[in-house]
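Just so we're aligned, residue 1 is where the sequence shown starts under the UniProt record's numbering, counting upward by one.
Note that CB positions come from ideal geometry on N, CA and C, so glycine has one too.
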Amino acid sequence: MFLLKVVKKHEEQKKVSSIRIRKTLPKPQTNLTPMGLPKPVRVKKKDFSLEEIYTNKNFSKPPESRLETIFEVPLNRKNGSESWFGPRRVKRFLEFLEVGEARKPKKPLVGVGKTDEPSLSVQDVDSLLCSKLDELNLWLIHDQSEERETDNAV
């Protein structure tokens, strides 16, 4: 009898699974978009240029060959000398030709917004029409009486 119990213990040990069951769930990745694609890494900095602010993009400095060079033309004076600064101020500006695509308008949400008013019944329409006609008739009578008074006064 003793031998049988030992054999059963060995059989039970062989059946035990070697797969480890994790008690804690793995942390979800936070740098993924809703589609599961990785988000672009944002550059963390404190100083932003005007272009970065207005285009709302992470700005990387373009190569010098991409930016147009502004050449200053010297002014010729009457006495033949050249002057780099004129009497009036000149405003200079840069145009950013590479503008992003226009945003598509948002689709209206289904089931949200104005609800159509229920159509009036025939009786309601008749009563509304009668009341409006009565108001118009009273206004015309009042207007005609005022005209007669002004004609009689003249």
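| Query | Result |
| --- | --- |
| Could you tell me the alpha carbon to alpha carbon distance between Asp124 and Asp134, rounded to whole angstroms? | 15 Å |
| Beta carbon of Thr33, beta carbon of Lys27: below 7 Å? | no |
| Can you find the residues in the same chain that come closer than 7 Å, C-beta to C-beta, to Asn31, ignoring five residues on each side of it along the sequence? | Pro38 and Lys39 |
| Just how far apart, CA to CA, sit Leu50 and Gln29? | 33 Å |
| Looking at the unbroken alpha helix (DSSP H) that takes in Gly132, where does it start and where does it end? | Per the sequence shown, residue 132 should be read as Lys rather than Gly. Segment Val122 to Ala153, the alpha helix (DSSP H) holding Lys132. |
| Under the three-state reduction of DSSP, which class applies to Ser18: helix, strand or coil? | coil |
| According to DSSP, which residues form a beta bridge with Pro38? | Leu32 |
| By the three-class DSSP mapping on this structure, what secondary structure does Glu52 have? | helix |
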